[in-house]
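Residue numbers (the working numbering), protein chains in the order written: chain P, 303 to 424; chain L, 303 to 424; chain C, 303 to 424; chain F, 286 to 783; chain H, 286 to 783; chain Z, 286 to 783.
Yeah, the Cβ is synthetic: ideal placement off N, Cα and C, and Gly gets one too.
Keep in mind that this is a model prediction, so the values were computed, not measured.
Structure record follows, encoded as structure tokens.
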Amino acid sequence: MKLIMAYIRPEAFEPIREDLLAAGFPSLSIDEVKGSGRQRGMTERYRGSQLTINLRPKLKLECVVESEQVSLVTETILRHARTGDVGDGKIFVLPVEQAIRVRTGESGQEVLQAHESEEVPA
Amino acid sequence: MKLIMAYIRPEAFEPIREDLLAAGFPSLSIDEVKGSGRQRGMTERYRGSQLTINLRPKLKLECVVESEQVSLVTETILRHARTGDVGDGKIFVLPVEQAIRVRTGESGQEVLQAHESEEVPA
Amino acid sequence: MKLIMAYIRPEAFEPIREDLLAAGFPSLSIDEVKGSGRQRGMTERYRGSQLTINLRPKLKLECVVESEQVSLVTETILRHARTGDVGDGKIFVLPVEQAIRVRTGESGQEVLQAHESEEVPA
Amino acid sequence: MRPSFLRALVLAVLALVALPAVAVAQDKPSLTQTVVELNTAWVMVAAILVMFMQAGFAFLEIGFSRAKNAGAGVAKILTNFSIAAIAYWAVGFALAFGGSGLIAGTEGFFLDVSSDPTKAASQIPLLETYTIAPSALLFFQFVFCAVSLAIVWGTTLERIKYSAYIIYAIIFAAVIYPVLSHWIFGGGWLQVNFGMQDFAGSTVVHLIGATGALAALLLLGPRRGKFGPDGRPRAIPGHSMPLVGLGVLILWLGWFGFNPGSTLGAADGRFAEVALVTNLAAAAGVIGAVLTIYALQRTIDIGMAGNGAIAGLVGITAPSGYVEFWAAPIIGLVAGVIVVVGVLAIDKKLDDPVGALSAHGLAGIWGTLACGLFTSPRLAELNAVGDPGLFYSGSFGQLGAQALGVAAAFLVVFSVSFAVFYVIKKTIGLRVTAEQEDAGLDIVEHGMYGYPEQFIPLPEMGAASSGPLARPSLGATGSPATAATSRSTTSRTGEVPA
Amino acid sequence: MRPSFLRALVLAVLALVALPAVAVAQDKPSLTQTVVELNTAWVMVAAILVMFMQAGFAFLEIGFSRAKNAGAGVAKILTNFSIAAIAYWAVGFALAFGGSGLIAGTEGFFLDVSSDPTKAASQIPLLETYTIAPSALLFFQFVFCAVSLAIVWGTTLERIKYSAYIIYAIIFAAVIYPVLSHWIFGGGWLQVNFGMQDFAGSTVVHLIGATGALAALLLLGPRRGKFGPDGRPRAIPGHSMPLVGLGVLILWLGWFGFNPGSTLGAADGRFAEVALVTNLAAAAGVIGAVLTIYALQRTIDIGMAGNGAIAGLVGITAPSGYVEFWAAPIIGLVAGVIVVVGVLAIDKKLDDPVGALSAHGLAGIWGTLACGLFTSPRLAELNAVGDPGLFYSGSFGQLGAQALGVAAAFLVVFSVSFAVFYVIKKTIGLRVTAEQEDAGLDIVEHGMYGYPEQFIPLPEMGAASSGPLARPSLGATGSPATAATSRSTTSRTGEVPA
Amino acid sequence: MRPSFLRALVLAVLALVALPAVAVAQDKPSLTQTVVELNTAWVMVAAILVMFMQAGFAFLEIGFSRAKNAGAGVAKILTNFSIAAIAYWAVGFALAFGGSGLIAGTEGFFLDVSSDPTKAASQIPLLETYTIAPSALLFFQFVFCAVSLAIVWGTTLERIKYSAYIIYAIIFAAVIYPVLSHWIFGGGWLQVNFGMQDFAGSTVVHLIGATGALAALLLLGPRRGKFGPDGRPRAIPGHSMPLVGLGVLILWLGWFGFNPGSTLGAADGRFAEVALVTNLAAAAGVIGAVLTIYALQRTIDIGMAGNGAIAGLVGITAPSGYVEFWAAPIIGLVAGVIVVVGVLAIDKKLDDPVGALSAHGLAGIWGTLACGLFTSPRLAELNAVGDPGLFYSGSFGQLGAQALGVAAAFLVVFSVSFAVFYVIKKTIGLRVTAEQEDAGLDIVEHGMYGYPEQFIPLPEMGAASSGPLARPSLGATGSPATAATSRSTTSRTGEVPA
Ligand SMILES: Nc1ncnc2c1ncn2[C@@H]1O[C@H](COP(=O)(O)OP(=O)(O)O)[C@@H](O)[C@H]1O
Ligand SMILES: Nc1ncnc2c1ncn2[C@@H]1O[C@H](COP(=O)(O)OP(=O)(O)O)[C@@H](O)[C@H]1O
Ligand SMILES: Nc1ncnc2c1ncn2[C@@H]1O[C@H](COP(=O)(O)OP(=O)(O)O)[C@@H](O)[C@H]1O
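Here is the structure:
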């Protein structure tokens, strides 16, 4: 199992979510973070003084999937997150050793995403 | 050492924190994130137009512990976070290679949580 | 490649960012999180009732670098984040298996940080 | 309230009201008419200030709510004020001032002075005492009713159902408040038979509102999480002290209509004296509350300072037309102490998020009783209601009348309100479900958060909502030209500007 | 507006204005002079209330904006109000009231009554009708113009350029509004030749503002993301319902100056009747809107409740001086229904974030037409404008006059406004770029967010901005002494207090 | 201020005040009495508007603070206003108006007109000039004192100790402000011996407040992080421009009481002219400030637009009763330019977060001097203070008097204030600790954040505070029935609705 951790532009998320859902990956989490990278900072003005902001808002998308599905997910992300401008972000893949579904307590890679066969209690 | 990364309902956190503290795991971090999973979205209405919200607020709990203590922590989380309804969340375990305590600079797994024997400077 | 994940005091970030930038590590992400550790909680009062806050605001810094550069980064963090008081935070290092630059789709450790030699399109 | 003042002008008012065409036709202004106009102008200004107290209550309540219930406070104030406006005009005003029965008035339903002004004037005995336009009297009395109704709801916030409160609002504005105000303001038994003094309504407006709140609260219960498993109260902080402050300052402002307007005219500048008395008490209320809370918990609780102001104002409301300047800071200071001690005591058992039971209830009782202590002979005579207070007369007589009034008002309003809320609870229900309470009234009853961006994840706001800073090419502030340039000149050195 | 009322007083005003030194010199006050002063006082109070409606519009607009555009609303209201103040004084007032031509006035530019009061009085025919100080008339009329201008901008928010709106503001306040108000308020052709009734400006102020908004909107287009790829509207929720509520309550307050102040004096207390009528309609507007939206979508939309209040107020603005009490709740209720249906319908094709097209446009039309239905014979006569409405007279005559007035005002204002905005669009541009719109007007036009801490990352705020809770040694609330102690006594047990 | 106007009425006032019982007894209203009532009504309305300026200052200050200090602003305004109310009534009013000494008054401490009205009237010489109720005069003058005090604190925000500011507040309201206002308003040496013109207090109220602020600031120092290691100023943005806007609009509103109310009556409608003059200057102030800041930094700084309005208002405060309409936009425009340049210049060395030193100090000086330039002969005569300005008379005489007044006021207030703050600093301390400053005054002094949900982690708010969206079964908006259904019908397809 792998954790796909992608820093993307906030506006890119919606189409990614839709495609992932269609591809059978409904489960993921996002977090609003600030990133510094190659992208320029901004200078703001307030009552004559300046403030330079180097950190830009990014969305961090976290999605744990079975190892063989990593490329499927990263490709979906790349498809929508790429504008070609500096600041598009990065995707990192980390190893995951264990996964547990809280609702049932079951563990293993079948808990990662929703599966057709699975029973849905509520 | 392992990083336990749990996505749970926000209201489940308080009892988990208390039990972990009692069990000798005072050190952890949380973050307010938004998750998408099996849980239904909500439809909101505003001046006649609709807005469908697919992401629900979750709490992400991060706790690095020694490898042999992982199950102790995950069981504590499962005990309180499970309502049996869709949306209870997931727990993931990732390998951690190094841990450093900033205050002292010392590293190794003894820095992860507070230990009885340890010196507490201030 | 490694992910350096550091929980630090918010006020420590600025000098760390500056030093990392100077050392050739412009790329990183931060997130405002809440942490529990050895640090005392605070008691707040509101209309005569009390509320004890055990979680303190921390900054989580995430920076993926080549394996051999981990110590360079952690030392920079330690230099500025250490006050010697309880609550200074922790640094964890996790393995990263893959890194992709969204803008170009290229992957590998050369995407992690900006390199002199690299072409900068926009 | 001074029933026998300037009685001679009444003929003029009648003439004026009855014969507008004549008034228009006449070439020279008459002084009598000008006095009526001046009185009407002052009372309308006062009424407009009191109307704005709705915003004060709204923001007090909103500020003391959590963010997930902030929008509901807006809907609540708009709905209640509107219901009260219609109900009071249709029914309430007639019960309150449409005749001189001991229990209630009987004439003037759906009052329409403009279509038949003589009839209106003949229906309202108070117009024989005060030389103002009938519409001004109706409007002024209505905004008082609306204040009293607004007081009910602070205590119930974050859990009461929309449908529940509108039912009570109709009954309150049409019947409960009007009948009580008839007893004390409109020539009813407490005023006439017992000489109860309540210049602007410490009892009529404030205690009554707080009593309705208490009845609702007992049937409603505390907010989820207010009391721990051990039964100890837990702080559930409101989401915005600045909005609480806005509410308090607007209320303070409105009170300059509330008390000084209750002179129902500009006669001999009395209203200025009432205003000064009011301000001194409010100021002392803040000081009393701040000192008390600091003594008890070593911090200057912001909400308590605000409650102190309100308690001072509520406390001086009944005495404001009856006491000399020197008494005002004393009355206010005591009210400030009472409200803090009251909030702390009540909080142990009941969940009153805004402190209305103390600030309007206890301070309302104190204010009403204070007349029995401080009313000066001069002013008792001027108002022609009751006798001087204990400190002047040495007699407990007036104090007794005041206590009786408080007890009667409390018992009647509590019984009726409890019955109404009980029926609501057993039929349509008084409270939202636990899940709805957790989610917040905004999303549950109103379909959208009061602060959408706080609760809706950024990407759900649509592609256009990426927010500041997200786009790549806004490197330089404001100027798209520069932005375009910066886009093409990004270089190694430009990547991360210092 | 009653042109022939108390005409006799005009000599006194002239004398007073012309001869202040004499007035000062004379030892005894004269009743005539006192009446002028009283009228002036009431009209000034009303004007001040109307001035404060600027805050109402500002917060309505700010609350309905996303947080990234919240500050721009502040800059917009300050700038527009200021431009209007200068432009109306310099040019507008003369066009509106400086003579009795059918199209526009011609005297009184840069009015300076104080330097030459007799001249001012001779320039303004209205001063022969109303006995108030010339400055009060000017100020009262100016704040109306400023309200009308403020209405234009809500519809354009979150995307219009600063430079675009200031240009239109100058033209609107100097020419468009003054000319139209001359036609209907100032003795122009609609008032004189057709007897169009518009007591306080359902058409003059509200419809005109909404018409300008429509012209702007058609050239401006919807906000990015308002309509999905399928063309269906998507909700873009404003960021703060409490601020919307503040706006609505301030507007409601201001309307007690708007309508009752349009009596332009205190004569026989008419203004109190107008106030009551106004309040009944507003209340019914809220009720109508709440019932309608609940029937349609099963939630009590907060913004719609607020729109209902405003629609009720707009609807009663024209009739407020012409109808009896009973008509007010009906007019308001219908306005409340109209505004909800209107917002939902318009939202399908046009992006009007605050609902101004419905609340000021449709309700303004309804209000103007309502005079043709409900105007009572008594009040038509008192105001000496037009005839009774259909329900009294059985004749469609007045309704026709009203419809004509609406059509004329709409067509003229729409054409001129569209032309002005078209020229602006083709020259300096009407709208910020897509990137700027995404980033928000605050940062792009004003250099800083309206809520900096919401958008600036914590560490960028400087080392001093670490914020509460971050520092280690503030263990106990408030007291540094205790904090110091807690620092040194941290122990195993103390590490994580329960 | 016109000392010799309508002097004849004074007997009537005395009679009225002295003999309320008689007034009541008499059957016919007297015109003299009605004039007093009208004057009193206008002055009270004005005073109430000025009172509300407290909310304006509060929100200006709150908006310009960071969120962690937002609640402290509420506590500060309530406390200071309350202290001032008691201190001014007890001591201040007597020093200011209780006699005609050149330095200070000596009678009327703890004034209680109602218990002994003849005495009160005999103590206050001003009541011989103005025919208003004594309480109205006291209240009007008190709210001015409270405005001046409020000005002091904006400069000190985010770091001054609660205990420090209450001490200065007592001294300021009891002594400093009253003595200075005696010199210029109350018949003291600057007014009588030098004919200094200051109609509503550019110097008395605004410059004095700013001077106190400067003294405090010099001893207090800048906020942590304001100046970088290189000594260059760094922006510390306030947290809410909408609240700044609210503050500015409320202040603008209040100014319609401030300047026009300073006529101390309704005589010949002069107050309407003053209001118009005031508005023109404020508008020009906004325009001046916007143009200046745009010229300097290419963005329309929102706070600067607000400062421009205030500077325009402060600038016109002294001249408002002395100048013709045409002068107002000029005075305002210059004030708008001054405030921007002043803020930028001062910001280089001193940390004045709200710009009070410029907006009230520099613009106050400009306004006072402007009388020496623009005062018209007609109005100098009407007010019977000083001579016409340079542009009419060609003489520098009045300008000299104005400059002398400014210098005297500044020097005296600065010295005394500096001494008071110095003693406070050396004893109880003026400033919170660095750690407390970082944590914010809200939590440190008031025990709780002004915005609790912003600073308290969600789970700490208790189990009941899970917030919207968290619960599983609220799938459909609002309706629990549907929610229950949705719970049981969740299926594969229903899991993730589009
Ligand atoms: N090595 C890294 N570690 C952590 N976050 C990174 C790293 N590199 C990039 N990011 C995140 O990705 C965002 C975009 O990166 P940036 O370097 O600006 O874009 P690009 O990849 O187009 O050069 C950054 O703002 C940051 O949040
Ligand atoms: N594979 C995953 N990767 C990342 N986050 C996940 C993943 N699966 C679940 N989550 C998180 O857990 C939350 C609950 O998951 P959900 O699928 O709704 O519950 P359940 O496990 O009961 O089916 C989601 O909202 C999301 O935040
Ligand atoms: N084992 C851990 N897992 C996750 N977060 C941790 C862990 N230990 C510490 N932290 C984070 O670091 C912060 C500081 O830790 P703390 O124990 O107070 O400091 P110290 O290392 O000086 O004893 C915590 O608030 C928490 O956010």
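Do residue j and residue i have their beta-carbon atoms positioned less than 8 Å apart in this structure?
i: Phe566/H; j: Leu598/H; result: Here residue 566/H turns out to be Ala, not Phe, going by the sequence shown. Yes, the pair counts as a contact, with Cβ atoms nearer than the cut-off.
i: Ile601/F; j: Val562/F; result: yes
i: Phe659/H; j: Ala612/H; result: yes
i: Ala603/Z; j: Thr488/Z; result: yes
i: Ile728/H; j: Leu528/H; result: no
i: Leu359/Z; j: Ile521/F; result: The sequence given here places Val at residue 359/Z; Leu does not occur at that position. Not in contact: Val359/Z and Ile521/F (Cβ atoms no closer than 8 Å).
i: Leu363/L; j: Phe315/L; result: yes
Please list, in chain order, all residues of the same chain as residue i whose beta carbon is under 6 Å from its beta carbon, the five residues on each side excluded.
i: Gln352/L; result: Thr345
i: Glu722/F; result: Arg444 and Arg509
i: Val622/Z; result: Gly573 and Thr577
i: Phe556/H; result: Pro545 and Thr548
How is the alpha helix (DSSP H) around residue i delimited, first residue to last?
i: Glu316/C; result: Phe315 to Ala324
i: Pro545/H; result: Met526 to Gly546
Kindly indicate the opening and closing residues of the beta strand (DSSP E) around residue i.
i: Val335/C; result: Leu330 to Ser338
i: Glu364/P; result: Arg358 to Val367
i: Met307/L; result: Lys304 to Ile310
Taking the DSSP output, what are the residues bridged to residue i?
i: Ile741/F; result: The partner list for Ile741/F (beta bridge, DSSP) is empty, contrary to what the question assumes.
i: Thr354/C; result: Thr345/C
i: Arg716/F; result: Ile445/F
i: Arg403/C; result: Lys392/P
i: Phe703/F; result: Per DSSP, none; premise fails for Phe703/F.
In chain order, what residues of the same chain have a beta carbon less than 7 Å from the beta carbon of residue i, not counting five sequence neighbours either side?
i: Ser751/F; result: Bear in mind that a pLDDT of 45 at Ser751/F, under 50, signals an unreliable position, so the number given afterwards is only what the model happens to contain. Nothing listed; no residue qualifies.
Among residues of its own chain, excluding the 5 on either side of residue i, which ones have a beta-carbon nearer than 8 Å to its beta-carbon?
i: Glu313/P; result: none
i: Gly664/F; result: Going by the sequence as given, residue 664/F is Leu instead of Gly. Closer than 8 Å at the Cβ level, and outside the excluded window around Leu664/F, lie Gly606, Tyr607, Val608 and Glu609.
- Task: Can you give me, in chain order, the residues of the stretch 395–407 of chain P that have a beta carbon less than 7 Å from any beta carbon in chain L?
- Result: Leu396, Pro397, Val398, Glu399, Gln400, Ala401, Ile402, Arg403, Val404, Arg405 and Gly407
- Identify each residue in the stretch 588–607 of chain H for which the Cβ-Cβ distance to at least one residue of chain L is less than 7 Å, and report them in chain order. Gly588 and Met589
- Message: Using a Cβ-Cβ cutoff of 9 Å, what residues of the stretch 555–566 of chain Z are near chain H? List them in chain order.
- Response: Arg555, Phe556, Ala557, Glu558, Val559, Ala560, Leu561, Val562, Asn564 and Leu565
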